[in-house]
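Peer 1: Okay, here's the structure, questions in a sec.
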Amino acid sequence: MYIMTKISRRHFLAATGAMTGSALLSPLSGIKAETIGISTPIVKKTRIALIGTGSRGIFMWGRDLMREYSNYIEFVGLCDINEGRVETGKRMIGVSCPTYTDFEKMMKETKPEVLIVTTMDSTHHQFIIRGMELGANVITEKPMTIDEKKIQAILDAEERTGKHCRVTFNYRYSPHRAKIWELLRAGEIGDITSVDFHWYLDTSHGADYFRRWHRLVECSGSLWVHKASHHFDLLNWWIDSDPESVYALGELNFYGKNGTMRAKNCRTCPQTKQCPFFFDITKVKSHMDIYVANEKYDGYLRDGCVFRNDVNIFDKMAATIHYKNGVQVAYSLTTYSPYEGYRIAFNGTKGRLEAWIQESRKTSDVNYDEIVLFKNFSKREYIHIPFGTSGHGGGDALLKDQLFLPNVDDPYRQCANSRDGALACLVGIAARNSIATKQPVKIADLTSISPMEKKQYKRIL
Ligand SMILES: NC(=O)c1ccc[n+]([C@@H]2O[C@H](COP(=O)([O-])OP(=O)(O)OC[C@H]3O[C@@H](n4cnc5c(N)ncnc54)[C@H](O)[C@@H]3O)[C@@H](O)[C@H]2O)c1
1 MYIMTKISRR HFLAATGAMT GSALLSPLSG IKAETIGIST PIVKKTRIAL
51 IGTGSRGIFM WGRDLMREYS NYIEFVGLCD INEGRVETGK RMIGVSCPTY
101 TDFEKMMKET KPEVLIVTTM DSTHHQFIIR GMELGANVIT EKPMTIDEKK
151 IQAILDAEER TGKHCRVTFN YRYSPHRAKI WELLRAGEIG DITSVDFHWY
201 LDTSHGADYF RRWHRLVECS GSLWVHKASH HFDLLNWWID SDPESVYALG
251 ELNFYGKNGT MRAKNCRTCP QTKQCPFFFD ITKVKSHMDI YVANEKYDGY
301 LRDGCVFRND VNIFDKMAAT IHYKNGVQVA YSLTTYSPYE GYRIAFNGTK
351 GRLEAWIQES RKTSDVNYDE IVLFKNFSKR EYIHIPFGTS GHGGGDALLK
401 DQLFLPNVDD PYRQCANSRD GALACLVGIA ARNSIATKQP VKIADLTSIS
451 PMEKKQYKRI L
């Protein structure tokens, strides 16, 4: 029995057809939710398996899916290399499905229609590829993978199996960024000619990358891929063209070997009083449950010292990116800023669009994000977009609606396929290669993808 008073507005909209259009190859296409009232016949729930029961797997893709979308999906299996964490995950997500540490076994026994991949970045490709080979469509967290060979292997597997890999670029879904896309597509500043894009990670969230596996290029592909692929995807989507070449610089100036004191992790550090980066993990219950309680299985320390000597990623980065349609971009990423956010400006033949976002501000200060539109020989216009209330500027909930509710349209072309996932990573990979060779790197030299002047849109899943 499906009681109408219990359903959310979003589910009501979906079920009554207020959301239009259809997912071409939706894993949810078997669901018929056209009737509503005393009961809604849910013909078939999509069978989902998830690999990687860390924070993102448990909260965004586990617990939240069960809370919001359990009329449409069911979990048939959970898997993680850490035998303790997969049991913690099962408990925190609140499901009764079987758990596994053997991925092949899970796929063969549970036969999911959709596999969600939320493991460490360097391992994504193996599960994406094998998942498709074993008959599932794949939804993967960003970055799709960390190097060009793995990208090619994913593209080849998709072609070979006829299955699809969707990359969850939640950043595209924040209403503020969607508004920028809309203004650019409407030609408000004419043709885009160049973009200045500067992203700042702060000494809290930014520093956290240096505590975890992300600090190692072999695990994360560096922040060029792990973090900046979000930003490169936004650029690719906003500019509506493919990146063609990248020249980059990068250094490690602040964290890692640059520290004046260090320990293995904060819990064992004798200098916690002097260190501004001291992180008391014992005060964060979810971290204690997910990570500390399961350290005994894999030795992974979630509160690692940001000054460990093994940090081998850059903490300041800059790139010049040239797009196939002629747009040039000046991009930078700084990881030890006093505030978290970004500044972006699009220059066009008829004007300029600017935004300055401080993500770490107090939401009580203002409850909107601003876009300033300057038109040549005209007055400036201030556009205010109310904050999204879910994670990542409101993007997380809208992304999940599109993935898991039936018949949700894609007016802003936010659905990202494997080509989009690849191109976002390829800018970061090209930047890494450029720093190593001190030469510009052509995107076309990295994989079989040839950059196109105008993006081709393909809705999947
Ligand atoms: N889109 C976003 O805004 C966003 C936000 C956070 C994380 N993420 C992405 O989500 C993914 C997970 O991030 P997280 O913060 O949950 O990390 P995490 O370290 O909390 O979790 C990763 C999990 O993967 C497991 N794992 C690692 N290697 C494995 C293997 N070979 N086989 C099976 N399991 C393995 C680990 O044991 C761990 O439980 C990453 O790819 C990250 O980039 C995306």
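Sequential numbering from 1 applies to the sequence shown in full-length UniProt numbering. Ideal placement from N, C-alpha and C gives every residue a C-beta, glycine not left out. Please read all numbers here as calculations on a predicted model, not as lab measurements.
Starting from W224, follow the alpha helix (DSSP H) in both directions and report where the run begins and ends.
Peer 2: Element bounds for W224: L223 to H226.
Peer 1: With distances taken between CB atoms, is the gap from C415 to I357 smaller than 8 Å?
Peer 2: No, the pair does not count as a contact, with Cβ atoms beyond the cut-off.
Peer 1: Can you tell me whether E68 is buried or exposed, with buried defined as 16 or more other CB within 10 angstroms of its CB?
Peer 2: Classification for E68: buried.
Peer 1: Is it the case that the Cβ atoms of T447 and L155 are separated by a distance below 8 Å?
Peer 2: Contact: yes.
Peer 1: DSSP on C97, reduced to helix/strand/coil?
Peer 2: Looking at C97 - three-state DSSP - the assignment turns out to be coil, as it is neither helix nor strand.
Peer 1: Closest to Y342 by CA distance: which of A330, K350, G348 and A355 is it?
Peer 2: Ranking A330, K350, G348 and A355 by Cα distance to Y342 puts A355 first.
Peer 1: Quick check on N82: does DSSP put it in helix, strand or coil?
Peer 2: N82 falls in the coil class under three-state DSSP.
Peer 1: Note the first and the last residue of the continuous beta strand (DSSP E) segment covering R47.
Peer 2: Residues T46 to I51.
Peer 1: Under the rule that 16 or more other beta-carbon atoms within 10 Å means buried, what is L301, buried or exposed?
Peer 2: Buried is the call here.
Peer 1: Expressed to the nearest angstrom, what Euclidean distance is found between the alpha-carbon atoms of A23 and I81?
Peer 2: With a pLDDT of only 35 at A23, under the threshold of 50, the placement of this residue in the model should not be trusted; the figure read from the coordinates follows. Whole-angstrom Cα-Cα distance: 33 Å.
Peer 1: Could you pull out every unbroken alpha helix (DSSP H) segment of at least 4 residues lying fully inside the region 384-414, listed in chain order?
Peer 2: Runs found: 395-404.
Peer 1: Where does K454 fall in DSSP's three states?
Peer 2: Coil.
Peer 1: For the candidate residues Y171, G259 and L373, whose alpha-carbon lies nearest to that of H384?
Peer 2: Of the candidates Y171, G259 and L373, the one whose C-alpha sits nearest the C-alpha of H384 is L373.
Peer 1: I need the straight-line Cα distance from P175 to R166, nearest angstrom please.
Peer 2: Taking the straight line joining both Cα atoms gives about 21 Å.
Peer 1: Would the beta-carbon of residue 462 be found less than 7 Å away from any heavy atom of ligand 1?
Peer 2: No statement about residue 462 is possible, as the shown extent of the chain runs from 1 to 461 and does not include it.
Peer 1: Got a sec, what are the start and stop residues for the beta strand (DSSP E) H369 sits in?
Peer 2: Here residue 369 turns out to be Asp, not His, going by the sequence shown. Unbroken beta strand (DSSP E) run through D369: Y368 to K375.
Peer 1: Could you spell out the range, first to last residue, of the alpha helix (DSSP H) harbouring P338?
Peer 2: Here P338 belongs to no alpha helix (DSSP H), and DSSP marks it neither H nor E.
Peer 1: Answer yes or no: the CB of S55 versus the heavy atoms of ligand 1, is any distance below 7 Å?
Peer 2: Yes, the Cβ of S55 comes within 7 Å of a heavy atom of ligand 1.
Peer 1: Taking buried to mean at least 16 other C-beta atoms within 10 Å of its own C-beta, is M107 buried or exposed?
Peer 2: With 16 or more other Cβ atoms within 10 Å, it is buried.
Peer 1: To the nearest angstrom, report how far apart M66 and Y72 are at their CA atoms.
Peer 2: Near 9 Å, if we compare the C-alpha coordinates of Y72 and M66.
Peer 1: Where does G299 land, buried or exposed, given buried means 16+ other C-beta within 10 angstroms?
Peer 2: With fewer than 16 Cβ atoms within 10 Å of its Cβ, G299 is classed as exposed.
Peer 1: Just curious, the beta strand (DSSP E) that D298 is in, first and last residue?
Peer 2: Per DSSP, D298 belongs to no beta strand (DSSP E); it is in the alpha helix (DSSP H), E295 to D298.
Peer 1: Please state the DSSP three-state secondary structure of I313.
Peer 2: In this structure, I313 counts as coil in the three-state DSSP scheme.
Peer 1: Which of helix, strand or coil does DSSP assign to Y68?
Peer 2: Residue identity differs from the one stated: residue 68 is Glu in this sequence, not Tyr. E68: helix per DSSP, three-state reduction.
Peer 1: Of the residues G94, L234 and K105, which one's Cα is nearest the Cα of C79?
Peer 2: Closest by alpha carbon: K105.
Peer 1: Touch check for the region 426-443 and the region 189-201: three-plus C-beta pairs under 8 Å?
Peer 2: As far as the Cβ criterion goes, the region 426-443 does not touch the region 189-201, which means the pair count is below three.
Peer 1: For G135, tell me which candidate among I146, E113 and A153 has the shortest Cα-Cα distance.
Peer 2: Of the candidates I146, E113 and A153, the one whose C-alpha sits nearest the C-alpha of G135 is E113.
Peer 1: Would the beta-carbon of G52 be found less than 7 Å away from any heavy atom of ligand 1?
Peer 2: For ligand 1, at least one heavy atom lies less than 7 Å from the Cβ of G52.
Peer 1: Are there three or more Cβ pairs, one per stretch, closer than 8 Å when the region 422-432 is compared with the region 226-239?
Peer 2: Cβ pair count under 8 Å is three or more, so yes.
Peer 1: In three-state DSSP terms, what is H230?
Peer 2: Reduced to three states, the DSSP call for H230 is helix.
Peer 1: Would you say K375 touches ligand 1, meaning its beta carbon is less than 7 Å from a heavy atom?
Peer 2: No, ligand 1 has no heavy atom inside 7 Å of this Cβ.
Peer 1: Within 10 Å of its beta-carbon, does K227 have 16 or more other beta-carbons around it, so buried, or fewer, so exposed?
Peer 2: Label assigned to K227: buried.
Peer 1: Mind checking whether G206 and E74 have CB atoms under 8 Å apart?
Peer 2: No, Cβ-Cβ distance for G206 and E74 is not below 8 Å.
Peer 1: Among E133, F314 and D420, which has the Cα closest to the Cα of Y255?
Peer 2: Y255 has its Cα closest to that of F314, out of E133, F314 and D420.
Peer 1: Taking the beta carbon of M288 as the centre, do at least 16 other beta carbons fall within 10 Å, making it buried, or is it exposed?
Peer 2: By the 10 Å Cβ count, M288 comes out exposed.
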